[in-house]
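Participant:
In our numbering, the protein residues as written are 11 to 140.
#1: Between the beta-carbon of residue 51 and the beta-carbon of residue 65, is there less than 8 Å?
#2: The alpha helix (DSSP H) that contains residue 97, what's its start and end?
#3: Closer than 7 Å by C-beta to residue 83: which residues in its own chain qualify, once you throw out the five before and the five after it? Chain order, please.
#4: What do you reckon, are the CB atoms on residue 86 and residue 73 nearer than 8 Å?
#5: Within 10 angstroms of the Cβ of residue 88, are there 16 or more other Cβ atoms? Answer buried if so, exposed if not.
#6: Going by CA-CA distance only, name the one from 16, 77 and 53 that's closest to residue 107.
#7: What is the DSSP secondary structure of residue 58, reduced to helix, strand or coil?
#8: Let's see if you can read the secondary structure: which residues bound the alpha helix (DSSP H) around residue 52?
#9: With a threshold of 8 Å on Cβ separation, who are the neighbours of residue 77 within its own chain once the five nearest residues in sequence on each side are excluded?
#10: Compute the Euclidean distance between the alpha carbons of residue 111 and residue 119, then round it to the nearest angstrom.
#11: So, helix, strand or coil for residue 18, using DSSP?
#12: In this structure, how does DSSP classify residue 143 when only helix, strand and coil are distinguished?
#13: Three-state secondary structure (DSSP) at residue 67?
What follows is the structure, encoded as structure tokens:
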């Protein structure tokens, strides 16, 4: 069995249950395709909600709801400028690292992640866009 070097010498009972709960909440925040699309667009720089609406192709109310969720979770920041509000990634480097880790896991597992029967099926690209 291969063991994570960071966990060598630790017993399973020593796993921080509170941290595990917090990780689960973070992954819940990231588990929505619309929120992931918003984060992808914000990885290129600041956007207003109306810009994100154009990119994501959903109603402004829907995009606003998801942006507010990400803001509440601390994943994005808000910068007011006049009558506009500009949104940006709160931690661009950490977000990029998370995306890199996800891509590495998908490379390692292939399509097995999409075959998990207890997870909702990914929507086809055309359906997800509109």
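Glycine included, C-beta positions come from ideal geometry on N, C-alpha and C. Model, not experiment: these values are computed from the prediction.
Facilitator: If we stick to the structure as given:
#1: yes
#2: It is not in any alpha helix (DSSP H) - residue 97 instead sits in the beta strand (DSSP E) that spans 94–99.
#3: 39
#4: no
#5: exposed
#6: 53
#7: coil
#8: 43–52
#9: 48, 59, 62, 86 and 97
#10: 12 Å
#11: coil
#12: An answer regarding residue 143 cannot be provided, because it is not within the stretch 11 to 140 covered by the chain.
#13: coil
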